[in-house]
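*Asks:* First the structure, which I've put down as structure tokens, then a few questions once you've had a look.
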Amino acid sequence: MPECLDDFIDESNPVRVIDVFVDALDLAELSFEGVAPAATGRPSYHPSVLLKLYIYGYLNRVQSSRRLEREAGRNVEAMWLLGRLTPDHKTIADFRKDNGLAQGMCTLRRTLP
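The C-terminal residue of the sequence shown carries number 113 in the UniProt record's numbering, and the numbering is unbroken.
This is the structure we're talking about:
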């Protein structure tokens, strides 16, 4: 039996590509909200975590914030991609709204086969 989530994710699994792709982006230069942590309050999810979830969702036809929340808690690929973090649907929806992802993801989706 595998000891960690990494053992469940094959080296050729597309989630590894998503992980490397998002980690290579300069999210501050791309004007993502929340790249620099706030001085006060509870720490928020880093935008890279939520962007990975959105890309994963769009590639797997999971677009609603509530379904993405559910996937983050039960899907091994999503758990691995997010480092077992489980953002709630409001956090996911706010990230999409605050960063204009709805239009960007629709454009990305049209370019994919």
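Beta carbons: idealized from backbone N, C-alpha and C, even for Gly.
(1) Taking C-beta to C-beta, are glutamate 33 and aspartate 98 nearer than 7 Å?
(2) So, do the region 49 to 58 and the region 72 to 79 have three or more beta carbon pairs nearer to each other than 8 Å?
(3) Just to confirm before moving on: does the CB-CB distance between glutamate 69 and histidine 89 stay below 7 Å?
(4) If you draw a straight line from the C-alpha of asparagine 13 to the C-alpha of leucine 51, how long is it?
(5) Report the three-state DSSP secondary structure of leucine 30 (helix, strand or coil).
(6) How about valine 49 and leucine 85: are their beta carbons less than 7 Å apart?
(7) Does the separation of the CB atoms of isoleucine 92 and serine 65 fall below 7 Å?
(8) Roughly how many angstroms separate the alpha carbons of valine 22 and leucine 53, rounded to a whole number?
*Replies:* In short, the structure shows the following:
(1) Taking the first residue of the sequence shown as 1, we reach residue 33 at position 33. Taking the first residue of the sequence shown as 1, we reach residue 98 at position 98. Cβ distance < 7 Å, so glutamate 33 and aspartate 98 count as in contact.
(2) yes
(3) Along the sequence shown, read from residue 1 onward, the residue named residue 69 stands at position 69. Along the sequence shown, read from residue 1 onward, the residue named residue 89 stands at position 89. Yes, the pair counts as a contact, with Cβ atoms nearer than the cut-off.
(4) Numbered from 1 along the sequence shown, position 13 holds the residue referred to as residue 13. Numbered from 1 along the sequence shown, position 51 holds the residue referred to as residue 51. One C-alpha to the other measures close to 18 Å.
(5) On the sequence shown, position 30 is the one that residue 30 refers to. In this structure, leucine 30 counts as coil in the three-state DSSP scheme.
(6) Within the sequence shown, numbered from 1, the residue matching residue 49 stands at position 49. Within the sequence shown, numbered from 1, the residue matching residue 85 stands at position 85. Yes.
(7) To locate residue 92, count along the sequence shown from 1; it is residue 92. To locate residue 65, count along the sequence shown from 1; it is residue 65. Yes, the pair counts as a contact, with Cβ atoms nearer than the cut-off.
(8) Residue mapping note: residue 22 aligns to position 22 of the sequence shown, counting from 1. Residue mapping note: residue 53 aligns to position 53 of the sequence shown, counting from 1. Looking at the two C-alpha atoms, the distance is approximately 10 Å.
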